[in-house]
Structure formats: C-alpha cells, structure tokens
Amino acid sequence: LFPPAVSGGIFLAVLSSCMGSEIGAGEILQALAKDRILPFLSVFAPRDTEDTAAARKSVLMTFLLIVLALCSGTDLNEMATFQTLFFLLSYAIINLACFILSIQGSPNFRPIWPHYSWHMAGFGFVA
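By UniProt numbering, the letter at position 4 of the sequence shown is numbered 4, and the numbering carries on one by one without gaps.
Laid out in structure tokens, this is it:
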C-alpha cells in the first residue's frame with residue numbers, strides 16, 4: 001500500500017470522528033438548555049426551529065470546553081479513560097430506564113426493536 005494514503009485515511013477518519021462528536025455534544029447541550037434541565041444553560045436554548053445562532057453558540061461552547069481540556073496539561077490517556085467512563089455510564093442509564101419502564105408496564109414506552117425484552121435491558125445495565 002501507499003503509506004501516505006494510509007496515513008491520510010487515518011487522519012481523515014479521526015478528524016471525522018472528532019467533528020461528529022463535537023457536533024453531537026453541541027446538540028446535547030442545546031437539548032439540555034431547551035428542556036431547562038440546568039437553568040444556567042438557557043442561553044443555548046433555541047428560540048424556534050430555525051434558530052441557528054443557538055446551534056452555533058452550543059457548538060462554540062463545546063469547542064471551547066474541548067480546547068480547555070486539551071490545554072490543561074492532562075494526559076490524553078487519562079482523558080480518554082474519563083470519556084469512556086461517561087459513555088458507559090450513559091449507556092447503563094439508558095438500559096436502566098428501559099428496564100424500569102418495561103417492568104412498570106408504562107403505556108407510553110413502546111420499543112420498536114423486534115428483539116427487545118426487559119431481560120436484555122436488565123443485562124445491559126448490569127454488564
């Protein structure tokens with residue numbers, strides 16, 4: 001293989017993943033602000049469906065937090081461990097919520113995945 005093409009492909013794959021994560025984090029920040037989960041985030045809440053300024057503000061805030069974390073001098077391996085822990089916790093909480101809603105028989109919880117069962121949600125939480 002042509003080594004520069006492999007290196008370029010790896011670089012572009014990492015860049016794409018980083019940008020996707022940054023945009024996704026900005027959207028989560030915007031959703032938290034819209035739902036008024038944390039009142040001090042209201043500046044990031046969109047005023048209507050066409051409000052692109054709020055989206056820009058939330059992505060910019062996410063970018064600034066990323067730059068601050070990278071410039072803090074912390075080892076990247078420690079930061080990766082911390083990020084992985086947050087992802088695993090969020091998946092565990094989602095599985096716990098699905099498990100509880102299934103056990104309760106909540107009428108507004110209707111999973112559409114054909115292989116879903118409360119056993120799998122419980123196992124996903126424990127694992």
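Glycine included, each C-beta is placed from N, C-alpha and C at the ideal position.
| Query | Result |
| --- | --- |
| Ordered along the chain, which non-local residues of its own chain (more than five positions away) have a Cβ less than 7 Å from that of Gly122? | Phe99 |
| Restricting to Cα atoms, I'd like to know which of Gly26, Pro39, Leu76 is closest to Ala53. | Gly26 |
| So, are the CB atoms of Trp113 and Ile103 less than 8 Å apart? | no |
| Hey, quick one: how far does the alpha helix (DSSP H) through Leu89 stretch, first residue to last? | 76-104 |
| In terms of residues, what are the limits of the alpha helix (DSSP H) holding residue 129? | One cannot answer for residue 129 here, as it falls past the ends of the chain, which runs 1 to 127. |
| Are there any heavy atoms of the ligand MN lying less than 7 Å away from the beta-carbon of Tyr116, as far as the coordinates show? | Ligands displayed in this structure: none; no statement on the ligand MN is therefore possible. |
| Note down, in chain order, each residue of its chain lying with its Cβ closer than 8 Å to the Cβ of Leu29, except the 5 sequence neighbours on either side. | Leu41, Phe44, Ser58, Met61, Thr62 |
| Helix, strand or coil for Ser42, going by three-state DSSP, please let me know. | helix |
| Give the straight-line distance between the Cα atoms of Glu50 and Ala33, rounded to the nearest whole angstrom. | 16 Å |
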